[in-house]
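Colleague: I'd like to ask you about the structure that follows.
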Amino acid sequence: MKLLLVGPVGSGKGTQAAIISKKYGIPHISTGEIFRQHMQNKTELGLKAQEYINAGYLVPEEITFGIVKDRLSQPDCKNGFILDGYPRTMEQAHNLEKITDLDKVILIHLSEEEIIHRLSSRRMCSVCNQPSSLEWLKDGKCEKCGGEVYVRNDDKPEVIKTRLETNRVSEELINFYKNKGIFYKINATNEVEKTFALLESLLNE
Ligand SMILES: [Zn+2]
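Take any residue in the sequence shown, note its place counting from 1, add 214, and you have its number in the numbering used here.
Below, the structure is given as structure tokens:
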């Protein structure tokens, strides 16, 4: 099962990918997450990527493709994977085709208004790294472990707008996968469980 989840930032695709990963035993490969780990460890790659991501821009393709190629060659990908965050452009889609064929491309759709609401209320736990929402916090702290929470750099209002623009799923990319007959779209306005139920019935088709 080689999947690509696409959707605007804040659509909850990361959460959905994590659930699929657990349930189907295939790795969730989030290029954003890989970059964040590099940045946390302050690797050379991480420092380079940091400049782009902090400003809300995409990391140059030569760097990103190298990372994806390396990751997909790992043994845990032999039964499939869930790509999240790559490809976003036609250049990336063509590069990906050189190394693998996708089975399904699923767009997790959410309106721009709803996205802005979700992102601006997102909080990260500084202890257990769990993403949360303002409404779920307990006395302003992580609902899971009680740790202090913070706003991720790229969830700050001034960066959200740029992220929405640079991360918008391109029509061209969608049409590319539509033409291949592997494109599907589900609505993410419902809660996580309902969205997953929609996804699951699609995956079992
Ligand atoms: Zn926590």
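Backbone N, C-alpha and C fix where the C-beta goes; we use that ideal spot for every residue, glycine too.
Between Pro-368 and Gly-224, how many whole angstroms is the CB-CB distance? I'm expecting something under 8 Å.
Modeller: The question names Pro, but residue 368 in the sequence shown is Asp. In fact, because the Cβ distance is near 11 Å, the residues do not count as touching under 8 Å.
Colleague: At the level of alpha carbons, what is the spacing between Lys-195 and Ile-396?
Modeller: Residue 195 lies beyond the residue range present for the chain, which begins at 215 and ends at 419; the question has no answer from this structure.
Colleague: Based on Cα-Cα distance, which residue from Ala-307, Glu-326, Gly-294, Asp-284 lies nearest to Lys-375?
Modeller: Among Ala-307, Glu-326, Gly-294, Asp-284, the Cα nearest to that of Lys-375 is on Glu-326.
Colleague: Could you name the residues of the same chain whose beta carbon sits closer than 6 Å to that of Leu-310, not counting the 5 residues immediately before and after it, in chain order?
Modeller: Excluding sequence neighbours, Leu-310 sits near Pro-301.
Colleague: What does Leu-219 pair with, by DSSP beta-bridge criteria?
Modeller: DSSP output for Leu-219 lists Asp-298, Ile-320 as bridge partner(s).
Colleague: Using 8 Å for Cβ pairs, my map puts Ser-340 next to Glu-349. What's the rounded Cβ distance?
Modeller: Not confirmed; about 19 Å, so no contact.
Colleague: Determine the direct distance from the alpha carbon of Leu-387 to that of Glu-258, and round the result to whole angstroms.
Modeller: Roughly 31 Å separates the two Cα atoms.
Colleague: Starting from the C-beta of Asp-245, find all residues in its chain whose C-beta is less than 7 Å away, skip the five residues before and the five after it, and write them out in chain order.
Modeller: A small fix is needed here, since residue 245 is Thr in this sequence, not Asp. Cβ within range, chain order: Thr-278, Ile-281, Val-282, Gly-299, Tyr-300.
Colleague: In chain order, what residues have a CB nearer than 6 Å to some heavy atom of ligand 1?
Modeller: Listed along the chain, these residues meet the criterion: Cys-339, Val-341, Cys-342, Gln-344, Cys-356, Lys-358, Cys-359, Gly-361.
Colleague: Using DSSP with H/G/I as helix, E/B as strand and the rest coil, what is Glu-405?
Modeller: Coil.
Colleague: Go ahead and label Leu-261 buried or exposed: buried means 16 or more other beta carbons lie within 10 angstroms of its beta carbon, across all protein chains shown.
Modeller: With fewer than 16 Cβ atoms within 10 Å of its Cβ, Leu-261 is classed as exposed.
Colleague: With a Cβ-Cβ cutoff of 8 Å, do Val-383 and Pro-222 count as a contact?
Modeller: Yes, they are a contact pair.
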